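Structure, as structure tokens:
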Amino acid sequence: MSRGWNPTPSRRVVFWRHGRTEWNVLNRFQGATDVPLDDVGVGQAVAAAPALARMAPSAIVSSDLSRAVVTAHELARLTGLAVAQDPALRETDGGLWQGRTRDEIIAADPELFQAWVAGHDIATPNGERRSDVVARVVAAVTGHLAGVPAGGTLVVVSHGGAIRGAIGGLLGLAPEQWGALGVLSNCAWSVLSEVTLPAEPGGQPVTRWRLEEYNAKSAPEQALGADDA
């Protein structure tokens, strides 16, 4: 670290996947279909909210699909914050795959589904391309971060595929690398923090994102012996 460098306190983004739905249990492709939480999913949101509240969020923004909104309101109830709803945070529009089980999709589109599972940047039939989903989610998160102060935390309540892609996008991973991030559990969260690097001579400071927690279900602990301290 350069002597005399006083970095701005970093902001955090907490990506929180919604609780369980009946379609999750049945392994149906939900996509942009507005499937509600089941009773277990509501319980998951209730159980997870206190840990997220301890992170002292500055703002909460949610996909406008009900499974995300209901999840978000459990945190809002504890923090007193309002929940902003943003359609740009929806899950991938799965087109003709929505409502179908995995086996039904494989039977109808085996090669396309294999490519999808392999992480290729393709669109589902009559649906969205992965890169388009990531572009809209990252743009939405960036827009909502504009209102978050230095040192503040934005909680983004969204969906498994949308979150995984957005994290890959914010970390600067190439599309073919987004699949390296594992599948997210219902009501688990991931934490990204801003890192501002000191400027090189004649240059400007560089801000990037760092993954602090992934697929977590407990409050993050302070890391000791940090490599940038």
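If you count the sequence shown from 1, position 100 lands on 99 in numbering that gives the first Met the number 0, and the numbers rise without skipping. Virtual Cβ for every residue (Gly too), placed ideally from N, Cα, C. For clarity, every value in this text was computed on a predicted model and none was experimentally measured.
Practice problem: Name the two residues that bound the continuous alpha helix (DSSP H) containing residue 59. | Solution: Here residue 59 belongs to no alpha helix (DSSP H); instead the beta strand (DSSP E) covers 58 to 61.
Quiz item: How about residue 189 and residue 213: do their beta carbons lie closer than 8 Å?
Solution: Taking 8 Å as the Cβ cut-off, residue 189 and residue 213 qualify as a contacting pair.
Quiz item: Going by C-alpha distance, which of 19, 59 and 50 is nearest residue 42?
Solution: 19
Exercise. With DSSP as the reference, label residue 27 as helix, strand or coil.
Key: strand
Exercise. Give the secondary structure of residue 226 by DSSP, where H, G and I count as helix, E and B as strand, and everything else as coil.
Key: Only weak support is given to the placement of residue 226: the predicted model assigns it a pLDDT of 47, under 50, and the value that follows is read from those uncertain coordinates. Coil, per DSSP.
Quiz item: Which same chain residues, not among the five before or five after residue 28, have their C-beta less than 6 Å away from its C-beta?
Solution: 93, 96, 97 and 99
Quiz item: Looking only at C-alpha atoms, which of 22, 132 and 35 sits nearest to residue 174?
Solution: 132
Quiz prompt | CA-to-CA distance, residue 208 to residue 194, given in whole angstroms | solution = 6 Å
Exercise. Could you pull out every residue in the same chain whose Cβ sits closer than 8 Å to the Cβ of residue 52, ignoring the five residues on either side in sequence?
Key: 74, 77 and 78
Quiz item: Should residue 85 be labelled buried (16 or more other beta-carbon atoms within 10 Å of its own) or exposed?
Solution: The residue in question, residue 85, is buried, as its Cβ has 16 or more Cβ neighbours within 10 Å.
Quiz item: So is residue 206 buried or exposed if we call it buried at 16+ other beta carbons inside 10 Å?
Solution: exposed
Self-check item: Spatially closest choice to residue 91 from 102, 68 and 124, by CA coordinates
Solution: Nearest neighbour of residue 91 by Cα position, chosen from 102, 68 and 124, turns out to be 124.
Practice problem: Could you pull out every residue in the same chain whose Cβ sits closer than 6 Å to the Cβ of residue 156, ignoring the five residues on either side in sequence? | Solution: 15, 61, 67, 70 and 71
Quiz item: Taking the runs of the alpha helix (DSSP H) that are 4 residues or longer, which of them lie wholly in the region 111 to 154?
Solution: Segments of the alpha helix (DSSP H) lying fully in the region 111 to 154: 129 to 144.
Quiz item: Any idea if residue 26 is buried or exposed, counting beta-carbon neighbours within 10 angstroms, 16 or more meaning buried?
Solution: exposed
Self-check item: Integer Cβ distance of residue 12 from residue 153, believed to fall under 8 Å
Solution: Distance from residue 12 to residue 153 at the Cβ level is roughly 5 Å; contact confirmed, criterion being Cβ atoms closer than 8 Å.
Quiz prompt | Own chain partners of residue 112 with C-beta closer than 6 Å, once the 5 adjacent residues on each side are dropped | solution = 104 and 105
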